[in-house]
Amino acid sequence: MKNNAKVEKTSSSAVESNEIMFLPDDLPNFLLKGNYKEMYAHFSQPLKDEVSETELAETAKEFTKDIQTLNKASDMQLNGFDRRTWLSDTGNKGLIGMFDPDGTISLIQIQELTSSPETDTKLSKHEYALPFEGDWFVFWGGENVLVNYHYEVEIQRYAYDFIQAKENYSYKGDPLKNKSYYAFGEKIFAPADGTIVSVMNDIKDNEPVGVMNPNQATGNNVVIDHGGEFSHLAHLKKGSITVKPGDKVKKGDIIGLTGNSGNSSEPHLHFQISDGVDLFNSRSIPVRWGNGLKPIQGETITAAE
Numbered sequence: 272m273k274n275n276a277k278v279e280k281t282s283s284s285a286v287e288s289n290e291i292m293f294l295p296d297d298l299p300n301f302l303l304k305g306n307y308k309e310m311y312a313h314f315s316q317p318l319k320d321e322v323s324e325t326e327l328a329e330t331a332k333e334f335t336k337d338i339q340t341l342n343k344a345s346d347m348q349l350n351g352f353d354r355r356t357w358l359s360d361t362g363n364k365g366l367i368g369m370f371d372p373d374g375t376i377s378l379i380q381i382q383e384l385t386s387s388p389e390t391d392t393k394l395s396k397h398e399y400a401l402p403f404e405g406d407w408f409v410f411w412g413g414e415n416v417l418v419n420y421h422y423e424v425e426i427q428r429y430a431y432d433f434i435q436a437k438e439n440y441s442y443k444g445d446p447l448k449n450k451s452y453y454a455f456g457e458k459i460f461a462p463a464d465g466t467i468v469s470v471m472n473d474i475k476d477n478e479p480v481g482v483m484n485p486n487q488a489t490g491n492n493v494v495i496d497h498g499g500e501f502s503h504l505a506h507l508k509k510g511s512i513t514v515k516p517g518d519k520v521k522k523g524d525i526i527g528l529t530g531n532s533g534n535s536s537e538p539h540l541h542f543q544i545s546d547g548v549d550l551f552n553s554r555s556i557p558v559r560w561g562n563g564l565k566p567i568q569g570e571t572i573t574a575a576e
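Going left to right, the sequence shown walks through residues 272 to 576 as the working numbering numbers them.
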């Protein structure tokens, strides 16, 4: 295992009980205290096949050098997996752990982090409302790559991916069917007053779920001009969009339904504010949400009625 490299997993296996009890939230303390042997005992077999105990110790010692604490950044239990992240007190290192239901460590990733302080604090001029109703789950969102994979790329740095979840699952029934997902077909609204400037409405929704369409990355989408700032609402359901370019919309007007079109792994809403109409040739802007909201991965947020 090397710095900035993750050890992937596709399956899990239980480990024999150990005298030192281990819970997922113990991972950073085990690293900082040098309890590598005990920690390694809780690796899944596929993870052990990828990294030796010696490699773990060498990498962990280098990673924890100059670190006093690792503080929880996010906590996400969804669809049978448990993903947790921690941020160093120095702010430049991150730790990701994934765990099986019995607490077995099935993935560990350490990462050097970069930040963009010159833009992180420059919020959008306008205030935006959540573009849906009810409770939604933040799958990706935040200002580092631990909690928001978009952050690494300037054009999507402050984007969010929202899904719906009940009892830690985003679906009920056949996971290959779009209709099984709670988010699929949910109403999506304009987040602020503006003018529709771009619409795509004829891209089929991906099915079976998990098969993506990277050639039409944003899928069915709506772009709204809010006066020099543009909201992008992507991966909408085919044929569901109710607006057209030139239409004036008010905050809360319905614009379409959540779908699974484009480069989407399951039904969800991709939302971001940019400084241009073309998502791929503009910069993402940190969203000034109403009520001072700052959504972070793993949180359930509720839209105001």
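For glycine and all other residues, C-beta sits at the position ideal for the given N, C-alpha and C.
Practice item. Measure the Cβ-Cβ separation of residue 458 and residue 537 and say whether it is below 9 Å. Key: no
request  = State buried or exposed for residue 527, treating a residue as buried only when at least 16 other CB atoms are found within 10 Å of its CB.
outcome  = buried
Once DSSP output is grouped into helix, strand and coil, what is the label at residue 478? coil
Q. Over what stretch of residues does the beta strand (DSSP E) that includes residue 383 continue unbroken?
A. 376–383
Residue(s) in a DSSP beta bridge with residue 398: 559
Against chain C, with Cβ distances strictly below 9 Å, would residue 429 count as a contact? Included in the structure is just one protein chain, with no chain C present.
Worksheet item: How long is the line joining the alpha carbons of residue 470 and residue 505, rounded to whole angstroms?
Response: 10 Å
Sequence-distant residues of the same chain with beta carbon closer than 6 Å to residue 533, five excluded per side: 484, 487, 488, 489, 490 and 506
- CA-CA distance, residue 338 and residue 543? 33 Å
Next on the checklist: Between residue 464 and residue 521, how many whole angstroms is the CB-CB distance? I'm expecting something under 8 Å.
Outcome noted: 5 Å
*Give the secondary structure of residue 429 by DSSP, where H, G and I count as helix, E and B as strand, and everything else as coil.*
coil
For residue 356 and residue 312, the rounded distance between their alpha carbons: 20 Å
Item to complete: Closer than 8 Å by C-beta to residue 415: which residues in its own chain qualify, once you throw out the five before and the five after it? Chain order, please.
Response: 344, 358, 365, 384, 386 and 422
Review point. Helix or strand or just coil, what does DSSP make of residue 297?
Key: helix
(request) Pull up the distance between the alpha-carbon of residue 431 and that of residue 531, whole angstroms please. (result) 15 Å
For residue 469, list the residues DSSP reports as bridge partners.
494
message = In whole angstroms, give me the CA-to-CA distance for residue 341 and residue 554.
response = 31 Å
Using the Cα positions of residue 550 and residue 305, report the straight-line distance between them to the nearest angstrom. 45 Å
Would residue 499 and residue 396 qualify as a contact pair, given that the criterion is a beta-carbon distance under 9 Å? yes
Around the C-beta of residue 562, are 16 or more other C-beta atoms found within 10 angstroms, so that it is buried, or is it exposed?
exposed
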